[in-house]
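Okay, so the first sequence: first residue is 74 according to the working numbering, each after it adds one.
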Amino acid sequence: MNRLNAHFYQQDAVTVAEKLLGKILIRVFDDGTTKRYRITETEAYLGEEDKACHASKGRTARTDIMYSDGGKIYVYLIYGMYWMLNVVTGTENHPQAVLIRGISRIIGSGKVGRELKIDKSFYGEDLLSSDRIWIEDAPDESDFSTALRIGIDYAGEEWRDKAWRFILKQEQNQAK
DNA sequence: CCAGTGATCAGG
DNA sequence: CTGATCACTGGA
Numbered sequence: 074m075n076r077l078n079a080h081f082y083q084q085d086a087v088t089v090a091e092k093l094l095g096k097i098l099i100r101v102f103d104d105g106t107t108k109r110y111r112i113t114e115t116e117a118y119l120g121e122e123d124k125a126c127h128a129s130k131g132r133t134a135r136t137d138i139m140y141s142d143g144g145k146i147y148v149y150l151i152y153g154m155y156w157m158l159n160v161v162t163g164t165e166n167h168p169q170a171v172l173i174r175g176i177s178r179i180i181g182s183g184k185v186g187r188e189l190k191i192d193k194s195f196y197g198e199d200l201l202s203s204d205r206i207w208i209e210d211a212p213d214e215s216d217f218s219t220a221l222r223i224g225i226d227y228a229g230e231e232w233r234d235k236a237w238r239f240i241l242k243q244e245q246n247q248a249k
């Protein structure tokens, strides 16, 4: 299978979030072992207008990477414990990203970061050229559901109510 | 229900 | 510098 290319990541976050379902995430760990995971749950964060998106605060040291061309990794630490793994999408100066919420049988953004041993060194990592993390193509999935994004009640009606969470049906049944 | 845990950002 | 907040999880 081939790596997803720049064109794929340059699409808007909502499109990429949906299309990432079923794609294969590869991680080569420091000890040399390689693991492959299927992406099963994602969430889109789109632009400075999106009050739920970190870029709604404008361009800061933390959000800077979201302003770059799609295909980079955006990571941040939440609650002092969990590294959230995001894929930057869109084109330059259009800040947006897709949060990876579930891979294979690991459901939950915090657990994903833990499983993949993500840390600050992944900030800005290039999915097109990295030798320790990338995503490979797979057929588009159509059997998925959408839902409201989690943990963003502060965002206000307009953005809180966007069904920008995408869940592979199959995995939903497997969960719990 | 709620505590843990620390980077980040706005405000002095 | 300070302090509030946080795209979460796991254990009462």
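Where a beta carbon is used, it is the ideal one built from N, C-alpha and C, also for glycine. Computed from a prediction, not measured in an experiment: that's the story for all the values here.
### Query
Do L158 and L77 come within 9 Å of each other at the CB atom, strictly closer than that value?
Taking the first residue of the first sequence as position 1, residue 77 is located at position 4. Taking the first residue of the first sequence as position 1, residue 158 is located at position 85. Between L77 and L158, the C-beta gap is not smaller than 9 Å, which leaves the two residues out of contact.
### Message
Using 8 Å for Cβ pairs, my map puts P168 next to Y196. What's the rounded Cβ distance?
### Response
Your numbering for residue 168 matches position 95 in the first sequence. Your numbering for residue 196 matches position 123 in the first sequence. Between P168 and Y196 the beta-carbon gap is near 15 Å, outside 8 Å, which marks them as no contact.
### Query
Does the segment 236 to 243 come within contact of the segment 212 to 227, defined as at least 3 CB pairs closer than 8 Å?
Contact between the segment 236 to 243 and the segment 212 to 227 is present, because at least three Cβ pairs lie under 8 Å.
### Query
What does a CB cutoff of less than 6 Å around T136 pick up in its chain, not counting 5 residues either side in sequence?
Residue mapping note: residue 136 aligns to position 63 of the first sequence, counting from 1. H127 and A128, listed in sequence order.
### Task
Classify G163 as buried or exposed, calling it buried when 16 or more other Cβ atoms lie within 10 Å of its own Cβ.
As a working mapping, residue 163 is identified with position 90 in the first sequence. Looking at its Cβ environment, which holds 16 or more other Cβ atoms inside 10 Å, G163 is buried.
### Query
How many Å lie between L98 and E230 at the Cα?
Position 25 of the first sequence, counted from the start, is the residue given in the question as residue 98. Position 157 of the first sequence, counted from the start, is the residue given in the question as residue 230. So the alpha carbons of these two residues sit roughly 33 Å apart.
### Query
In three-state DSSP terms, what is S218?
For the purposes of this step, residue 218 is taken as the residue at position 145 of the first sequence. The answer is strand: DSSP assigns S218 an E or B state.
### Query
Cβ of A86 within 9 Å of Cβ of A170?
Locating residue 86 in the first sequence gives position 13, where the first residue counts as 1. Locating residue 170 in the first sequence gives position 97, where the first residue counts as 1. Taking 9 Å as the Cβ cut-off, A86 and A170 qualify as a contacting pair.
### Message
I'd like the span of the beta strand (DSSP E) that includes F239, first residue to last.
### Response
Numbered from its first residue, the first sequence carries residue 239 at position 166. Taken as a continuous stretch (DSSP letters only), the beta strand (DSSP E) holding F239 covers R238 to L241.
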